[in-house]
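Heads up, the thing below is written out as structure tokens.
2 protein chains.
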Amino acid sequence: MGLVKDKLYQQEDVQLATLAKALAHPARVAIIKFLLKQKACVCRTIVDEIGLAQATISQHLKVLKNAGLIQGTVEGTSVCYCIDYTALQQLLDLFDGLDLTTSEQCC
Amino acid sequence: MGLVKDKLYQQEDVQLATLAKALAHPARVAIIKFLLKQKACVCRTIVDEIGLAQATISQHLKVLKNAGLIQGTVEGTSVCYCIDYTALQQLLDLFDGLDLTTSEQCC
DNA sequence: TCTATTTATCGTAAAATTACGATGAATGGA
DNA sequence: TCCATTCATCGTAATTTTACGATAAATAGA
């Protein structure tokens with residue numbers, strides 16, 4: 003999509019869509035859930051947990067990282083991943099902003 | 003993805019990912035927001051509002067409909083679309099189920 | 001009946017996603 | 001130093017997404 007098309011959408015809509023897209027795959031949802039549950043969050047552990055190839059998990063982690071949902075810290079040969087609660091909270095706030103109170107069915 | 007791979011994921015994770023995927027495009031977020039705001043929700047109005055081709059909007063509406071987020075009722079030559087609050091609430095519930103209280107940063 | 005309007009669907013092209021093996025970089029330990 | 005482990009990235013193939021024009025179906029109204 004070029005520059006013109008980008009102007010079609012409000013920034014907030016793009017934000018919400020981007021965050022939703024990051025969670026638009028069951029593997030990434032599982033990763034987020036696992037990181038929420040787990041304290042230790044070395045990449046290798048995630049690979050064992052989910053059951054996909056290491057390269058694939060690494061790709062999913064990159065998506066989550068780019069969306070700001072997780073962050074990683076190098077620890078020796080490993081990388082420790084954990085939730086970025088700021089972005090996750092932002093996602094929830096955007097959902098709250100939808101305001102479902104107008105629940106008058108029109109059709 | 004074949005049958006074996008499907009077993010990799012918990013049903014709840016697939017549900018959340020599917021609903022998130024439906025919102026993973028700014029046009030669809032904009033449509034949902036518009037439908038929440040608007041009472042009148044004829045398809046033609048959405049096309050004018052968003053600024054994409056009619057065929058493209060129809061495709062996005064189909065995605066939202068398949069996800070259960072909206073429903074459509076035929077009214078003469080038009081189709082009246084509106085939010086399905088059940089599915090939208092389900093999405094919010096799934097997010098609430100994530101339980102962010104464990105907010106102890108590990109890295 | 002004829003025409004205009006609305007909407008879904010088809011066909012299609014371009015781009016993005018997903019998955020994996022292979023490889024390379026970095027580190028820790030023998 | 002050498003080897004094993006961990007992780008990111010590259011290259012690639014298959015699939016999905018996205019967008020649009022063209023077209024067909026359905027209805028409302030003249």
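Same order as they appear, the protein sequences are chains U and A. Here my numbering is used: the first residue of the first sequence is 3, the next is one more, and so on. Here my numbering is used: the first residue of the second sequence is 3, the next is one more, and so on. Glycine is no exception: its CB is placed at the ideal position from the N, C-alpha and C atoms.
With residue i as the anchor, note down where its alpha helix (DSSP H) starts and where it stops.
i: residue 65 of chain U; result: 56 to 68
i: residue 10 of chain A; result: Here residue 10 of chain A belongs to no alpha helix (DSSP H), and DSSP marks it neither H nor E.
i: residue 31 of chain U; result: 28 to 39
i: residue 43 of chain U; result: Here residue 43 of chain U belongs to no alpha helix (DSSP H), and DSSP marks it neither H nor E.
Alpha carbon to alpha carbon, how far is residue j from residue i? Give it in angstroms, no decimals.
i: residue 74 of chain U; j: residue 90 of chain U; result: 15 angstroms
i: residue 79 of chain A; j: residue 109 of chain U; result: 15 angstroms
i: residue 76 of chain U; j: residue 82 of chain U; result: 6 angstroms
i: residue 7 of chain A; j: residue 41 of chain A; result: Because residue 7 of chain A carries a pLDDT of 45, less than 50, the predicted location of this residue cannot be relied on, and the following value inherits that uncertainty. C-alpha separation (whole angstroms): 42 angstroms.
i: residue 85 of chain A; j: residue 85 of chain U; result: 31 angstroms
i: residue 46 of chain A; j: residue 71 of chain A; result: 19 angstroms
i: residue 50 of chain U; j: residue 62 of chain U; result: 14 angstroms
i: residue 95 of chain U; j: residue 18 of chain U; result: 10 angstroms
i: residue 14 of chain U; j: residue 48 of chain U; result: 31 angstroms
i: residue 100 of chain A; j: residue 36 of chain A; result: 27 angstroms
i: residue 12 of chain A; j: residue 27 of chain U; result: 12 angstroms
i: residue 56 of chain A; j: residue 34 of chain A; result: 17 angstroms
i: residue 97 of chain U; j: residue 39 of chain U; result: 23 angstroms
i: residue 54 of chain A; j: residue 43 of chain U; result: 43 angstroms
i: residue 87 of chain U; j: residue 65 of chain A; result: 29 angstroms
i: residue 93 of chain U; j: residue 67 of chain A; result: 22 angstroms
Is it buried or exposed for residue i, if we count other Cβ within 10 angstroms and need 16 for buried?
i: residue 31 of chain A; result: buried
i: residue 29 of chain U; result: buried
i: residue 102 of chain U; result: exposed
Over the uninterrupted beta strand (DSSP E) stretch that includes residue i, give me the two end residues.
i: residue 88 of chain A; result: Careful: residue 88 of chain A lies outside any beta strand (DSSP E), inside the alpha helix (DSSP H) at 87 to 98.
i: residue 79 of chain A; result: Looking at the DSSP string, residue 79 of chain A is not in any beta strand (DSSP E), and its letter there is neither H nor E.
For the putative contact between residue i and residue j, defined by C-beta atoms under 8 angstroms, what is the C-beta separation to the nearest angstrom?
i: residue 25 of chain U; j: residue 22 of chain A; result: 4 angstroms
i: residue 10 of chain A; j: residue 59 of chain U; result: About 12 angstroms separates the two Cβ atoms, so there is no contact after all.
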